[in-house]
Every structure is written in structure tokens, then in C-alpha cells.
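Engineer: Here it is: the structure, laid out below.
Spelled out as C-alpha cells, the structure:
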């Protein structure tokens, strides 16, 4: 059984690399958003044409990114959503809600400082963790049934 994992959330640290490296040898495949911030922001105008108004510039990019995100979440067996320390990730909260609404197995990752702000998101998750290593251990357990 190969599990499809969608990695959503903050793009400013290497947590995705830690999970993919840690999961080497497990029967998993990974997908996620475009993590190059500029490429993600500018994809709409690069494909559909320039916009003089920043709102419409961002609107085009958000809609194209939503196509990718919806597809990734809908096709995932498990969705991992990471909330970072530095920025508010409204898109991550939206992705977590979308995954929960679809009945996807949801793993949420964040530090103690976000516990109160994310209490509703955490309540929808099947696991709430703080580290990429814990995510890898969950994936290994789901696939093998063996504890770390």
C-alpha cells in the first residue's frame, strides 16, 4: 500500500525535506504546493497576463494555486499541515479545513505557542505533533503497525 501524502503549510523552513528524507524506504509519495514564493505569487499573471491592480494580480495566482491545492488534497490519503512560527498561514488553516471537510486523515504540526489559536484546527486533526520526525513515525506506524 503506497500512501499519498500532501504536505501543506509554511514554506520558510525545511520541514518538508526532513519528512521526505525521514520517510525514505516507506511506501509513500509526497505532493504539496509550489514552495517558491515568487513563482507561486506570480503564476497567474505569468500565464494569464499582467494586472495593474495588486488585488487582481494576487487573485489570479490564488486561483491557479487553488487548482493545484484542491487536486493534491483530494487525491491524498493523509494531509499534513504545518503552521510555522514567523508568519500567519491563513492558507494552511484553509487547507486543514478543506481536508477535514473531505474526511481526509489530517496531521497538524505546530509549536506550543499556537495551541490556543489552532484549537479548532487541532480538534479536527487525527494527530497533532511538533516535529517532522513525529510525522515520519506516524507514517511508519500506519504502514507497519509497529511503534518506534
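Residue numbers (the numbering used here): 8 to 155.
The C-beta atom is built at its ideal place from N, Cα and C for all residues, glycine as well.
What's the gap between the Cα of residue 145 and the Cα of residue 37?
Structural biologist: Counting from 1 along the chain shown, the entry for residue 145 is found at position 138. Counting from 1 along the chain shown, the entry for residue 37 is found at position 30. So the alpha carbons of these two residues sit roughly 15 Å apart.
Engineer: Within a Cβ cutoff of 8 Å, which residues of the same chain sit near residue 155, ignoring the five residues on either side of it in sequence?
Structural biologist: Mapped onto the chain shown, residue 155 falls at position 148. 144, 147, 148.
Engineer: Can you name, in chain order, every residue of its own chain whose Cβ lies under 7 Å from the Cβ of residue 104, other than the five neighbours on each side?
Structural biologist: Residue 104 sits at position 97 when you count from the first residue of the chain shown. Cβ within range, chain order: n/a, list empty.
Engineer: Our contact map puts residue 142 next to residue 87 with C-beta atoms below 8 Å; I'd like the distance itself, whole angstroms only.
Structural biologist: Working through the chain shown from its first residue, we reach residue 142 at position 135. Working through the chain shown from its first residue, we reach residue 87 at position 80. Confirmed, about 6 Å.
Engineer: Please report the residue range of the beta strand (DSSP E) in which residue 37 lies.
Structural biologist: On the chain shown, position 30 is the one that residue 37 refers to. Counting along the chain, the beta strand (DSSP E) containing residue 37 begins and ends at 35 to 38.
Engineer: Can you give me the start and stop residues for the alpha helix (DSSP H) that residue 154 sits inside?
Structural biologist: For the purposes of this step, residue 154 is taken as the residue at position 147 of the chain shown. Looking at the DSSP string, residue 154 is not in any alpha helix (DSSP H), and its letter there is neither H nor E.
Engineer: Does residue 111 pass the burial test, meaning 16 or more other C-beta atoms within 10 Å, or should it be called exposed?
Structural biologist: The sequence position of residue 111 within the chain shown is 104, counting from 1. Answer is buried; the Cβ neighbour count reaches 16.
Engineer: In the structure shown, what three-state DSSP assignment does residue 87 receive?
Structural biologist: To locate residue 87, count along the chain shown from 1; it is residue 80. Residue 87 falls in the strand class under three-state DSSP.
Engineer: What span of residues does the alpha helix (DSSP H) with residue 55 cover, start to end?
Structural biologist: Taking the chain shown and counting its residues from 1, the one referred to as residue 55 is at position 48. Where residue 55 is concerned, the enclosing alpha helix (DSSP H) stretches over 44 to 55.
Engineer: Beta-carbon separation of residue 51 and residue 67 under 8 Å?
Structural biologist: Position 44 of the chain shown, counted from the start, is the residue given in the question as residue 51. Position 60 of the chain shown, counted from the start, is the residue given in the question as residue 67. Their beta carbons are under 8 Å apart, which means residue 51 touches residue 67 by this criterion.
Engineer: Please report the residue range of the beta strand (DSSP E) in which residue 10 lies.
Structural biologist: Taking the first residue of the chain shown as 1, we reach residue 10 at position 3. That run of the beta strand (DSSP E) goes 10 to 16.
Engineer: Excluding sequence positions up to five away, which residues of its chain have a Cβ less than 7 Å from the Cβ of residue 30?
Structural biologist: As a working mapping, residue 30 is identified with position 23 in the chain shown. Contacts found: 143, 146.
Engineer: By the three-class DSSP mapping on this structure, what secondary structure does residue 71 have?
Structural biologist: Against the chain shown, residue 71 aligns to sequence position 64. If DSSP states are grouped into helix, strand and coil, residue 71 belongs with the helices.
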